[in-house]
Amino acid sequence: MPESSSSPAYLGFWPSWAHHIGDLVFGANDGIITTFAVVSGSTGASLSPKIAIVLGFANLLADGFAMGAGNYLGMRSEQEAKRSEGLMLNEGRVHAVGHAAAILFAFVIAGSVPLVPFLFVPRDSLFAASCLATGATLFIVGSLRTVVTRARWLVSGLEMLLIGSVAAAVAYGVGFLLRRFVTGA
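Residue numbers are given in my numbering: position 171 of the sequence shown equals residue 180, and the series is strictly consecutive.
This is the structure:
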């Protein structure tokens, strides 16, 4: 039987890579969007860039760990439920640790992007630089998932960019509306 056009062998990747695509996209998407939401909310509330960095890195590490651990526990629970019903043999066992690690890795790498400008860019350009870096990364991650899905790369990239933009706008708006509670103005 010939290889499917979306199978790992057809794509030339090592066998374990393709089944992590969902974890990688999910982790990268959530990492960049939640971290950028923290940056956007902090900027909307007129908080110091140093506060945005602290909150951003705290979110990056704590939320990344929580997502990986949550994925691990969810997969293990699924495996145990299937095993208890006799639906799963040991040969078909999914490696929950690998999936958890993929989510954590993608979350931290992509989630770092909105914070990098805060470390190197002049203060008056921070938010714009973070927006550009985040937007480009969202589009690239969205486009890259088509390597396995075979969907149209432009549509996939724009879809992920749109989702991230809406989340950022919500966070910025909340920060802007609640800035009086923080700044006392």
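All residues carry an ideal CB built from backbone N, CA and C; glycine is no exception.
All of these numbers come straight from a predicted model, not from anything done at the bench.
Query, Result
"Local Cβ density within 10 Å of Ile41, reported as buried at 16 or more and exposed below that", "buried"
"Neighbourhood of Ala176 by C-beta, 6 angstroms cutoff - its chain only, sequence neighbours within 5 removed", "Ile42 and Ala46"
"Length of the line joining the Cα atoms of Phe114 and Leu141", "22 angstroms"
"Straight-line Cα distance separating Leu170 from Arg154", "13 angstroms"
"Three-state class that DSSP yields for Val150 in the structure shown", "helix"
"Segments of 3+ residues assigned as beta strand (DSSP E) that fall wholly inside the stretch 89–138", "none"
"For Leu167, three-class secondary structure by DSSP", "helix"
"Alpha-carbon to alpha-carbon, Leu124 and Glu100", "In this prediction, Glu100 has a pLDDT of 49, which is less than 50 and means its spatial position is unreliable; what the coordinates show is noted afterwards. Their Cα atoms are separated by approximately 42 angstroms."
"Close Cβ partners of Phe66 (< 8 angstroms) along its chain, the five nearest in sequence each way excluded", "Leu124"
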